[in-house]
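Quick notes on the structure that follows.
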Amino acid sequence: MGDGATAGVLQPGSGPIRASNYLPAEPGNVLWGRLPCAADPAVLTVDPGDEVTIDTLSHEGVLEDQGRDPRAFFGRFGVAPDAVLADAVTLAASDFPRDPSVDGPHIVTGPIAVRGARPGDLLRITVLELLRRVPYGIVSNRHGRGALAGEYPRAAANVSVFAGVESTGEDRAAREGSGEGSAGTVVGTMPRVAGGPHSVRFPLAPFLGIMGVAVAGNERPHSVPPGAHGGNIDINLLTEGSVLYLPVQVAGALAYVGDPHFAQGDGEVALTAMEASLRATLRFEVIDRAAAIESFGELAGPMAETRDFLVPTGMDADLDLAVQNCVRAAIALLRARYGMDAEHAYAYLSAATDFNISQVVDLVKGVHARVRVADFDGR
Numbered sequence: 002m003g004d005g006a007t008a009g010v011l012q013p014g015s016g017p018i019r020a021s022n023y024l025p026a027e028p029g030n031v032l033w034g035r036l037p038c039a040a041d042p043a044v045l046t047v048d049p050g051d052e053v054t055i056d057t058l059s060h061e062g063v064l065e066d067q068g069r070d071p072r073a074f075f076g077r078f079g080v081a082p083d084a085v086l087a088d089a090v091t092l093a094a095s096d097f098p099r100d101p102s103v104d105g106p107h108i109v110t111g112p113i114a115v116r117g118a119r120p121g122d123l124l125r126i127t128v129l130e131l132l133r134r135v136p137y138g139i140v141s142n143r144h145g146r147g148a149l150a151g152e153y154p155r156a157a158a159n160v161s162v163f164a165g166v167e168s169t170g171e172d173r174a175a176r177e178g179s180g181e182g183s184a185g186t187v188v189g190t191m192p193r194v195a196g197g198p199h200s201v202r203f204p205l206a207p208f209l210g211i212m213g214v215a216v217a218g219n220e221r222p223h224s225v226p227p228g229a230h231g232g233n234i235d236i237n238l239l240t241e242g243s244v245l246y247l248p249v250q251v252a253g254a255l256a257y258v259g260d261p262h263f264a265q266g267d268g269e270v271a272l273t274a275m276e277a278s279l280r281a282t283l284r285f286e287v288i289d290r291a292a293a294i295e296s297f298g299e300l301a302g303p304m305a306e307t308r309d310f311l312v313p314t315g316m317d318a319d320l321d322l323a324v325q326n327c328v329r330a331a332i333a334l335l336r337a338r339y340g341m342d343a344e345h346a347y348a349y350l351s352a353a354t355d356f357n358i359s360q361v362v363d364l365v366k367g368v369h370a371r372v373r374v375a376d377f378d379g380r
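Using the numbering used here, you'd call the opening residue of the sequence shown number 2 and step up by one each time.
Okay, here's the thing in structure tokens:
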């Protein structure tokens, strides 16, 4: 990793912590393989408008099929022991209750209660800052998973491909340990072939693959399939400055985040993308039901917003139905937000809107639309 690896590591409680509310990813603050439900107590309670800095952990390097020993796992790729996150080591070495035969792989931090949030409201989560906690990540392909399950992996063992972070100039993340910041460019890099001298480089765009609210009842959902509660939606547009709206299902919303990525292509075809731990600062706000319906219509599931796009979503185990659900959500959004009738909204979407596959590997497939807000700036 080189001499600078440790300097780029944000261990628990170290380095920049933007918000006054800080939630580390220690065993008492996380779930592993399951998502919160109404019966789960909040690990933190905040007021609407509050910001929270949250440490998240990637599941790569802590799973049983990787040895459940992050220092040994990453050591095989040349990562020094002190460049491995201490909270990952602690969790992997603990007796945390997780059954890999029935539970998912993801580690989620939370739940966080937001005072005053009620079922029918929308929880508005603004992504203020995403800091890389380590200068490396993993892309994995496992048997029975991925877009080409049955074809890949080609050998008996699961495949974990190491990806590094390379600076192409002075950048903020290279100085995160000192709390200083500057403009610059960083890229992800991985070898073209195992052990080969040449690499491929690709842009980084960190985001949280899991952002959600608790479901009603006392049964925790599996961490893999997304749904109306959000969860493992894997929408790569949810970078810094983006907003996610989630229909509240239980009092307090009980929000949680996890599955941090440094980069992901739409589809996430191999099963995972560049998975690596992030420190996220988020703002939590509540939109009451009446205001939510006026602005967005009846949201049946998550909706994102960026500077350039409104991003309705559709989900189903059948990709065709996921697309149909996304188109219906987009029509409803255009009717509520811009007063379009259904026929003109449908026509506009066909003429001007891209429908992207969020992911095809999480049992429930996801589709999201990119509705350009600039198209509606005129009369």
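We treat Cβ as the ideally placed atom computed from N, Cα and C, and that holds for glycine.
Asked, Found
"Tell me which residues share the same chain as R72 and place their Cβ nearer than 7 Å to its Cβ, disregarding the 5 neighbours each side in the sequence.", "P82, V85, V90"
"What do you get for V103, buried or exposed, if any count of 16 or more other CB atoms within 10 angstroms of its CB means buried?", "exposed"
"Could you have a look at G29 and say whether DSSP puts it in helix, strand or coil?", "helix"
"If you compare alpha carbons, which of I358, A331, Y339, G340 is closest to Y347?", "A331"
"Which parts of the stretch 11-79 are runs of the alpha helix (DSSP H), unbroken and 4 residues or longer, counting only runs that do not cross its ends?", "71-76"
"Is D317 helix, strand or coil by DSSP?", "strand"
"So is E295 buried or exposed if we call it buried at 16+ other beta carbons inside 10 Å?", "exposed"
"Which same chain residues, not among the five before or five after N326, have their C-beta less than 7 Å away from its C-beta?", "G315, M316, D317"
"Going by C-alpha to C-alpha distance, which of F163, E241, T190, A254 sits closest to R77?", "F163"
"Using a 10 Å radius around the Cβ and a threshold of 16 neighbouring Cβ atoms, would you call E344 buried or exposed?", "exposed"
"Specify the secondary structure class of E220 as computed by DSSP and reduced to three states.", "coil"
"DSSP on Q360, reduced to helix/strand/coil?", "strand"
"At the level of alpha carbons, what is the spacing between E241 and L129?", "6 Å"
"DSSP on D4, reduced to helix/strand/coil?", "Its pLDDT being 34, under 50, D4 is placed unreliably in this model, and the coordinates cannot settle the point."
"Name the DSSP bridge partner or partners of N233?", "I211"
"Who does G138 pair with in a DSSP beta bridge?", "A164"
"Is the separation between the beta-carbon of A26 and that of T127 shorter than 8 Å?", "no"
"Within the stretch 77-130, note down every full alpha helix (DSSP H) run reaching 4 residues or more, in order along the chain.", "87-94"
"On the DSSP bridge list, what partners appear for D355?", "R371"
"Quick check: what's the CA-CA separation for I18 versus T54?", "6 Å"
"Just checking my contact of G259 with H369 at CB under 8 Å: how many whole Å lie between their CB atoms?", "About 19 Å; that fails the 8 Å criterion."
"Following the continuous alpha helix (DSSP H) through F297, name the residue where it begins and the one where it ends.", "290-297"
"Is P310 near M304, with beta carbons less than 8 Å apart?", "According to the sequence shown, residue 310 is Phe rather than Pro. No."
"Run the proximity test for V365: is its beta-carbon closer than 7 Å to any non-hydrogen atom belonging to the ligand MN?", "Annotation note on the ligand MN: not contained in the displayed structure, which lists no ligands."
"Does the distance from the CB of S59 to the CB of P261 come in under 8 Å?", "yes"
"On a CA-only basis, which of E299, V225, N233 is nearest P248? Give me that one, please.", "E299"
"Going by the beta-carbon positions, is the gap between A271 and V188 smaller than 8 Å?", "no"
"On the CB-based measure, 16 or more other CB atoms within 10 Å of its CB, does S95 come out buried or exposed?", "exposed"
"If you draw a straight line from the alpha carbon of G105 to that of Q360, how long is it in whole angstroms?", "16 Å"
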